[in-house]
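Report on one structure; see the data block that follows.
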Amino acid sequence: MSILALQELRVEKTLQEEQGPIDEAIVKELMLITPETWDFVALDVSWESSGGIEQFPHRITGPAGSKEIPVPSEHLFQLTRELSLLFLRRGHRWKSVRYEVRVLPDDSWRYFATFSYS
Numbered sequence: 375m376s377i378l379a380l381q382e383l384r385v386e387k388t389l390q391e392e393q394g395p396i397d398e399a400i401v402k403e404l405m406l407i408t409p410e411t412w413d414f415v416a417l418d419v420s421w422e423s424s425g426g427i428e429q430f431p432h433r434i435t436g437p438a439g440s441k442e443i444p445v446p447s448e449h450l451f452q453l454t455r456e457l458s459l460l461f462l463r464r465g466h467r468w469k470s471v472r473y474e475v476r477v478l479p480d481d482s483w484r485y486f487a488t489f490s491y492s
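Residue numbers (our numbering): 375 to 492.
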């Protein structure tokens, strides 16, 4: 079998298979910029377009009453842009996404991502 034929047999990854590593990278970056004292953090990203210019405002929130507000890193912006481009390649456009990360008693963490669509 030729190399070309082998390449054609290659199975394309699903959206979920491509999205998983991006989600994990977003969560890891979010944890890096989150104060160590927090046991919860949420990242809200929305997609906006005005005059043909796309914007992705990021908002980070923590436990109720926390006074520290982490600033999104450039790497976090790059990762959420990568996520948006992945969805666009697959013919989807999300309007917003919310990542919630909770630290568990054993110091591991669990995250959830919730998408809303136009």
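Backbone N, C-alpha and C define an ideal beta-carbon position, used for all residues, glycine too. Nothing here was measured: the structure is a model prediction, and the numbers come from that model.
In the three-state scheme derived from DSSP, where H, G and I count as helix and E and B as strand, serine 482 is classed as coil. In its chain, beyond the 5 residues on either side, no residue has a beta carbon closer than 8 Å to the beta carbon of serine 424. The beta carbon of proline 437 sits closer than 8 Å to those of Trp412, Asp413 and Phe414, all from its chain and outside the five residues before and after it, given in chain order. Under the three-state reduction of DSSP output, glutamate 391 falls in the helix class.
Contact between isoleucine 407 and proline 444 is confirmed by a C-beta separation of about 5 Å, below the 8 Å threshold.
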